[in-house]
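Data first, discussion second: the structure below is written as structure tokens.
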Amino acid sequence: MTDSYTQNDSSETPNNNNSASNEELAQLRSLLLGLDKSELDKLYDRLNNPNIQPEDLSKMLPEAIILRSMQDKQLSEAIVPTIEEAIQTSVRKDLTVLADAIFPVIGPASRKAIATTLEATIQSLNQSIEHSLSPQGFKWRLEALQTGKSFAEVVLLRTLLYRVEQVFLIHKKTGLLLQHVVANSVEAQDADLISAMLTAIRDFVQDSFSVQTGESLDTLQFGELTIWIEQGPQAILAGIIRGNAPKELKFVFQEAIEKIHRQQRKELYAFDGETSPFEASKPYLEDCLQTDYQLKKEKTSPFLLIFWGVILLALGSWGFISFRENRRWETYLEKLNDQPGITVSSAEKHWGKYYISGLRDPLAADPTALMKQANINPKAVISKWKPYLSLDSQFVVARAKQLLKPPETVSLKIDENGILYATGSAPRQWIGETRKIVQFIPGITKYQEENLVDTESAKLLSAKAEIENQVILFEEGTTQLIAGEEQKLQNLIQAIKNITNTARVLDKAVSIEILGHSNTGGSEQRNIILSSERARAIASILTSRGIEKVNLKNIAVGSSQPLANSSTDPNQALNRRVSFKVIITDVPNRGIN
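In my numbering, the protein residues as written are 803 to 1395.
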């Protein structure tokens, strides 16, 4: 048993020793490194993992961006498409976010752009004005007339130091035009044709002359135009320049072709005739469109000439305006003097103001309206008109109409002697009032109303004629009315009542003679009796309908007043009638005892 216990104990001793050794090593490692085993395991895992952790990248990224930006512009150019896409996505998602972000800079940017444009415009205008009055300016003006260009355009061309008018981007291998930009106010030619021409010239020079490897055509001269060419590995940049450009412009061209190769290297190598990808190179080409003008030389300012020109122009304008105003004033005075009812006593002008005074009938034309017709400002005229009554015939008649207020049926006229004639018809009351008022109207010496009829008298005469035109027909040999005559009696009765009432208003008396008639057949004695009976029959009907008997008088005429003489006349029935005659007399005035 002793041997067995000893053997088991010895077999377990190595494991216990290893465990103790590991614990001691862990304690020693912790003392030396200051790390727990779990932390050390994490450190080993990060060293063995090739992927970069986000927290590590977030700590290094800002510093890396700063260091890369200090070296060159590749990082800025590389992230431009990403930023543009992010902005487009933001705009599509919510436009107000971007609008609120750029709001503080929109105002200042707009004002700066407007100020810059105005400054350029004023500078161009100043150049044109400065050269317009000089001998050189007259020469350039003549050139403008000959060439058809504007004077300002000629001035800009003649004061131009240099201007890059067009820039071409040409594929080096195929000679095809990739992109083309033109300066403002420059007439563009066929870009493809110019590109082909440049390529042909380059090939001609290389094929016809001993050209070493690496050498290329970089300048062409055509009169006032110079073509600068910058070579790149896959593309050529050619700029057409008017004038003498400085050498510094070469660096601008070189930088542009380098940027294009750097940004569109893949597109240039893979070019298959499609030019739309090279729209992105347009901003770099537009940077090459530069212009410079001559600095203004110190010389005698032409503004003195302009000043005197303005003075002369002002004097001329003042003289013309003064002449025109005086002519208008004279025309206005002539119109006033020609107007009836206006008398000008004085008209003067002092310190730009017009003073006029005189007499004016209230019915005369308005002087202010005449001012407007003569194109005179009423505010520049001080008028003093005293009222008076003009005896001109048109004003006398107008004044009479205002005072008398005649009805539309009355016409008033006046002759040269001041006699006022009234014609037509009017109520009796108006006629009486007019007789009293007319004598007090200035300018009327006499009133004539012979052709004026009062309305009531006209109505009386009209009723008289209506009654006398009535004829009542009878059956032959009797006092019996023929068919249809009853309606005539109704109209007759109404007419008699109207004339009686009207006559009473006019202090007139009315009596009606009823004339009985018969035809020519039979004895005259019998005809007289029959016509008398017919007259009495009509009188009886009238009195029964309200007509006073005292106003009626029966008269037997017999056959003495025939309308048809022959017994065979178809109008023989008109002899068997009753007719009427109206007698109007004045009622005598009754005095008061």
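C-beta atoms are modelled at their ideal positions from N, C-alpha and C, and glycine is treated no differently.
Every value quoted in this text rests on a predicted model; they were computed, and no experiment measured them.
If I follow the unbroken beta strand (DSSP E) through residue i, where does it start and stop?
{"i": "Trp-1030", "result": "1027–1033"}
{"i": "Ser-1213", "result": "1212–1216"}
{"i": "Thr-976", "result": "Unbroken run through Thr-976: none, as it is neither H nor E."}
{"i": "Asn-1356", "result": "1354–1360"}
{"i": "Leu-1022", "result": "1021–1024"}
{"i": "Ser-1185", "result": "1183–1189"}
{"i": "Thr-1093", "result": "1093–1095"}
{"i": "Ala-1311", "result": "1310–1319"}
{"i": "Gln-1250", "result": "1248–1250"}
Is the Cβ-Cβ distance between residue i and residue j less than 8 Å?
{"i": "Thr-1028", "j": "Ile-1043", "result": "yes"}
{"i": "Val-1380", "j": "Ile-1340", "result": "yes"}
{"i": "Leu-1275", "j": "Ile-1243", "result": "no"}
{"i": "Arg-1378", "j": "His-1319", "result": "yes"}
{"i": "Ala-1182", "j": "Lys-1155", "result": "yes"}
{"i": "Thr-1387", "j": "Ser-1361", "result": "no"}
{"i": "Leu-1262", "j": "Ala-1305", "result": "yes"}
{"i": "Ile-996", "j": "Glu-1032", "result": "no"}
{"i": "Arg-1338", "j": "Asn-1356", "result": "yes"}
{"i": "Pro-1142", "j": "Gln-1231", "result": "no"}
{"i": "Tyr-1071", "j": "Leu-963", "result": "no"}
{"i": "His-973", "j": "Phe-1053", "result": "no"}
{"i": "Ile-1269", "j": "Gln-1250", "result": "no"}
{"i": "Leu-1317", "j": "Phe-1382", "result": "yes"}
{"i": "Ile-1062", "j": "Leu-971", "result": "yes"}
Buried or exposed, going by whether 16 or more other CB atoms sit within 10 Å of the CB of residue i?
{"i": "Glu-1100", "result": "Note on Glu-1100: pLDDT 46, under 50, position unreliable in the model; the coordinate value appears next. It is exposed - the Cβ of Glu-1100 has fewer than 16 other Cβ atoms within 10 Å."}
{"i": "Gln-968", "result": "buried"}
{"i": "Thr-815", "result": "Note that Thr-815 scores a pLDDT of 46, beneath 50, so its modelled location is shaky; the value from the coordinates is reported in the next line. It is exposed - the Cβ of Thr-815 has fewer than 16 other Cβ atoms within 10 Å."}
{"i": "His-1152", "result": "exposed"}
{"i": "Val-1384", "result": "buried"}
{"i": "Ile-1233", "result": "buried"}
{"i": "Phe-1389", "result": "The amino acid at residue 1389 is misidentified as Phe; the sequence shows Val. Its Cβ having fewer than 16 others within 10 Å, Val-1389 is exposed."}
{"i": "Pro-1085", "result": "exposed"}
{"i": "Thr-1001", "result": "buried"}
{"i": "Tyr-1134", "result": "buried"}
{"i": "Glu-1069", "result": "buried"}
{"i": "Leu-863", "result": "exposed"}
{"i": "Tyr-1157", "result": "exposed"}
{"i": "Phe-1109", "result": "exposed"}
{"i": "Trp-1131", "result": "buried"}
{"i": "Lys-1266", "result": "buried"}
{"i": "Trp-1030", "result": "buried"}
{"i": "Ser-1192", "result": "buried"}
{"i": "Pro-1169", "result": "buried"}
{"i": "Ala-1040", "result": "buried"}
{"i": "Ser-1213", "result": "exposed"}
For my contact list, residue i and residue j are in at a C-beta cut-off of 8 Å; report their separation, rounded to the angstrom.
{"i": "Gly-977", "j": "Ala-990", "result": "About 20 Å separates the two Cβ atoms, so there is no contact after all."}
{"i": "Ala-1358", "j": "Ser-1333", "result": "4 Å"}
{"i": "Val-966", "j": "Cys-1090", "result": "6 Å"}
{"i": "Ile-1301", "j": "Ile-1349", "result": "Actually they are not in contact, since the Cβ atoms of Ile-1301 and Ile-1349 sit about 11 Å apart, beyond 8 Å."}
{"i": "Ile-1184", "j": "Ala-1166", "result": "That pair is no contact at about 19 Å."}
{"i": "Ser-1259", "j": "Leu-1308", "result": "6 Å"}
Between which two residues does the alpha helix (DSSP H) carrying residue i extend?
{"i": "Trp-1153", "result": "It is not in any alpha helix (DSSP H) - Trp-1153 carries neither H nor E in the DSSP assignment."}
{"i": "Gln-991", "result": "Element bounds for Gln-991: n/a, residue is neither H nor E."}
{"i": "Ala-1337", "result": "1326–1346"}
{"i": "Ile-1269", "result": "1257–1270"}
{"i": "Leu-1376", "result": "No alpha helix (DSSP H) holds Leu-1376; DSSP gives it neither H nor E."}
{"i": "Val-893", "result": "876–895"}
{"i": "Gly-1234", "result": "1230–1239"}
{"i": "Ala-1202", "result": "1195–1206"}
{"i": "Ala-1047", "result": "From DSSP, Ala-1047 is part of no alpha helix (DSSP H); its letter is neither H nor E."}
{"i": "Val-1307", "result": "1288–1307"}
{"i": "Thr-1077", "result": "Run containing Thr-1077: none; DSSP gives neither H nor E here."}
Assess, as a yes-or-no matter, whether the segment 1080–1088 is touched by the segment 1112–1130 under the definition of 3 or more beta carbon pairs within less than 8 Å.
-> no
Cβ contact (3+ pairs, closer than 8 Å) linking the segment 1166–1181 and the segment 1214–1232 = no
Report yes or no: do three or more beta-carbon pairs, one from the segment 1155–1169 and one from the segment 1115–1122, lie closer than 8 Å?
-> no
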